[in-house]
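Enquirer:
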Amino acid sequence: MSQVPPVTALIAARSAAVEYGALPEEIVAVARQCLLDWFAVTLAGAREDLSGIIAAEAALEGGDGIATLVGRGRKAPQLLAALVNGAASHALDYDDVHLSYIGHPTVAILPALLALGEARGASGRDIVAAFVAGYETICRVGVCVAPGHYALGFHATATAGSFGAAAACARLMGLDAERTATALGIAGTQAAGLKSMFGTMCKPLHAGKAAENGLLAARLAARGFTSRADVIECAQGFAATHGPDFHPEAALAEPPGGYYLRGNLFKYHAACYLTHAAIECARAIAQRKGFVAEKVRSILLRIDRGADSVCNIKAPHTGLEAKFSLRFTIALALAGIDTASLGTYSDARTADPRLVALRDKVEIAFMDGWSTSRSQIEVTLADGSVLAAEHDSGIPAADVAAQGRRIETKFTSLAAPVLGEDGADRLRDAVAVLGELRSVRDLMALAG
């Protein structure tokens, strides 16, 4: 029997070795885009009820407020800021994803990293390098236990996210590979999060907890707190207890293009990412000449079986549930309703008779062996004619600059209502020159 490689130590060594100067410009550009997208969804998400509840709890704890609560005009202790901002950034389920392990990397990393960076006066270059270190770590841990970990019921945003936040914060603090591995151990023993909570306020809480877990792990490791340095691969460790799959070779392999970050996928519909391909199919059909939603007789969706446990709420009654309903998001798109607008996902909308009628015409055929990002739709009209479309939402943008322009449009639509147009422009411009910022405090002051 072959010996298992020291996965945790090797991942930690890679993370600790990330240097800004060695990063390709394309990777730095995508990192800036992740930050801008994160500010957009966090500013908007800070207005959600769940964010207010968590912020109110954080306020009861008091303490030295040195880290900005995005969109709230006040500060909190680092750990609480990571928790509050993390939950807010995932509140709308509008944040970026990576399909290598099916998770949301940025919302687990940046809330912790920015809270720590603000406290330490870290530079923009420091933030970029640490973000890349955390992002690569999340994906390596995620693919190590995929697909069984997610299929069993763990929310990888929370579990792998705790590791990524720890790695990012350890890199920002300049911890060596050994102490970074210790931080991963501390993060691993905290890692939790259940997919059964999708559609409730607990899903966004997962991102906040991942950020808080990772930040705490790195800070404790820096103080000499002990843990196992082989938490991923050891007996009764993370891999052994969190699912049936363990692929150390996958965790250590080089991703396409050398960086997992290049495969980051941004959201342009304010719903679960596994609904996006189906939405794009429905939009394509709705835009065909002469299409009338009232003439639809039946709708057949083909999609990977894994979507069944993620976004198959058949009859959503709340706006939050609607984000996890393939049937309802298809109905929205066929009816010509803007699926990028936050106001689309309301409790009242889920009871709209026209949308309910369309929703109930959707039949789903779950396919084995399909990519999670692929969908096919066939719409049969009253006259018996059939309209078909297919889309794969898992292909990263080939043109990074064009992707950046699309993210800027999304940012303005979400940030301007909170900061005003001038405030949103200032924050966008600051992110654009992130590598030149002497202190991230200047950036966070624009997002308060």
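So that you can map any letter, position 29 of the sequence shown is 19 in my numbering, and since no number is skipped, the others follow by simple counting. Note that the Cβ used here is the ideal one computed from N, Cα and C, for glycine as well. Predicted model only: the values in this text are computed from it and were never measured.
For a cutoff of 7 Å on Cβ pairs, would you count residue 311 as touching chain D?
Expert: Within the model displayed, chain D is absent; a lone protein chain is all it includes.
Enquirer: Which runs of the alpha helix (DSSP H) fall wholly inside the segment 213 to 286 and span at least 4 residues, in chain order?
Expert: Counting only runs of 4 or more, we get 228 to 231, 238 to 242, 266 to 276.
Enquirer: DSSP beta-bridge partners for residue 366?
Expert: DSSP lists 292, 380 as partners of residue 366.
Enquirer: Determine, using beta carbons only, whether residue 269 and residue 319 come nearer to each other than 7 Å.
Expert: A contact, by the Cβ cut-off of 7 Å.
Enquirer: Can you list, in chain order, the stretches of the beta strand (DSSP E) that have 3 or more residues and sit fully within the segment 24 to 77?
Expert: Runs found: 57 to 59, 64 to 66.
Enquirer: Please go through the segment 291 to 369 and give each complete beta strand (DSSP E) segment of 3 or more residues, from N-terminal end onward.
Expert: Runs of the beta strand (DSSP E) inside the segment 291 to 369: 352 to 357.
Enquirer: Three or more beta-carbon pairs under 8 Å between the segment 7 to 19 and the segment 181 to 196, yes or no?
Expert: These segments do not touch.
Enquirer: Check residue 401 in the structure and name its three-state DSSP category.
Expert: Here residue 401 sits in helix by DSSP.
Enquirer: Given this structure, state the Cα-to-Cα distance separating residue 25 from residue 373, to the nearest angstrom.
Expert: Roughly 49 Å separates the two Cα atoms.
Enquirer: Please report how far the alpha carbon of residue 433 lies from the alpha carbon of residue 46, in whole angstroms.
Expert: Approximately 24 Å between the Cα atoms of the pair.
Enquirer: Could you tell me how far apart the beta carbons of residue 159 and residue 251 are, in whole angstroms, since I believe they sit closer than 8 Å?
Expert: Residue 159 to residue 251, Cβ: 17 Å. No contact.
Enquirer: Measuring only the C-alpha atoms, how far is residue 171 from residue 179?
Expert: The alpha-carbon atoms of residue 171 and residue 179 are separated by roughly 13 Å.
Enquirer: Report the partner residues of residue 139 according to the DSSP bridge assignment.
Expert: Looking at the DSSP assignment, residue 139 forms no beta bridge with any residue, so it has no partner.
Enquirer: Answer with buried or exposed for residue 216, where buried requires no fewer than 16 other C-beta atoms within 10 angstroms of its C-beta.
Expert: When all chains shown are included, residue 216 counts as exposed.
Enquirer: Around the Cβ of residue 223, are there at least 16 other Cβ atoms within 10 angstroms (buried) or fewer (exposed)?
Expert: Counting Cβ neighbours within 10 Å, residue 223 comes out buried, since at least 16 surround it.
Enquirer: Given that a residue counts as buried once 16 or more other Cβ atoms are within 10 Å of its Cβ, and exposed if not, what is residue 349?
Expert: Residue 349 should be labelled buried.
Enquirer: Residues in the same chain with beta-carbon distance under 6 Å from residue 38, minus the five sequence neighbours each way, listed in chain order, please.
Expert: Same-chain partners within the cutoff: 81.
Enquirer: Could you tell me how far apart the beta carbons of residue 278 and residue 312 are, in whole angstroms, since I believe they sit closer than 8 Å?
Expert: Contact doesn't hold; Cβ gap of about 25 Å is too wide.
Enquirer: Identify whether residue 188 lies in helix, strand or coil by the three-state DSSP scheme.
Expert: Correct three-state label for residue 188: coil.
Enquirer: Helix, strand or coil for residue 154 per DSSP?
Expert: Residue state, collapsed to three classes: helix.
Enquirer: Using 8 Å as the Cβ pair cut-off and three pairs as the minimum, do the segment 180 to 189 and the segment 131 to 146 touch?
Expert: Taking 8 Å as the limit for Cβ pairs, the verdict is that the segment 131 to 146 does touch the segment 180 to 189.
Enquirer: Going by alpha carbons, who is nearest to residue 353 out of 198, 344, 370?
Expert: For the residues 198, 344, 370, the minimum Cα distance to residue 353 belongs to 370.
Enquirer: In angstroms with no decimal places, state the Cα-to-Cα distance between residue 406 and residue 20.
Expert: For residue 406 and residue 20, the distance between alpha carbons rounds to 22 Å.
Enquirer: For residue 68, count neighbouring Cβ atoms within 10 angstroms of its own Cβ and tell me buried if that reaches 16, exposed if not.
Expert: It is buried - the Cβ of residue 68 has at least 16 other Cβ atoms within 10 Å.
Enquirer: Look at the alpha carbon of residue 437 and the alpha carbon of residue 298, and state the distance between them as a whole number of angstroms.
Expert: Taking the straight line joining both Cα atoms gives about 37 Å.
Enquirer: Are there 16 or more other CB atoms within 10 angstroms of the CB of residue 54, so buried, or fewer, so exposed?
Expert: Flag for residue 54 reads exposed.
Enquirer: How do the segment 404 to 418 and the segment 290 to 297 stand: do at least 3 beta-carbon pairs fall below 8 Å, yes or no?
Expert: Output reads no: the segment 290 to 297 does not touch the segment 404 to 418.
Enquirer: Tell me the DSSP secondary structure of residue 88 in three-state form.
Expert: Three-state result, residue 88: strand.
Enquirer: Given this structure, state the Cα-to-Cα distance separating residue 303 from residue 84, to the nearest angstrom.
Expert: Answer to the nearest angstrom: the Cα atoms are 18 Å apart.
Enquirer: Alpha carbon to alpha carbon, how far is residue 329 from residue 213?
Expert: So the alpha carbons of these two residues sit roughly 47 Å apart.
Enquirer: Cα-Cα, which of 327, 218, 366, 243 is closest to residue 290?
Expert: The residue with the shortest Cα to Cα distance from residue 290 is 366.
Enquirer: Between the segment 92 to 106 and the segment 57 to 76, do three or more beta carbon pairs fall short of 8 Å?
Expert: With the cut-off at 8 Å, the segment 92 to 106 and the segment 57 to 76 touch.
Enquirer: Grab me the residues of residue 227's own chain with a C-beta within less than 6 Å of its C-beta, minus the 5 sequence neighbours each way, in chain order.
Expert: For residue 227, where only same-chain residues beyond five positions count, the Cβ hits under 6 Å are 221.
Enquirer: Going by DSSP, what residue range makes up the alpha helix (DSSP H) through residue 101?
Expert: Element bounds for residue 101: 96 to 110.
Enquirer: Quick one: Cα of residue 56 to Cα of residue 236, how far?
Expert: Spanning the two alpha carbons is a distance of roughly 40 Å.
Enquirer: Could you tell me the distance, in whole angstroms, from the CA atom of residue 423 to the CA atom of residue 416?
Expert: Those two C-alpha atoms are separated by around 11 Å.
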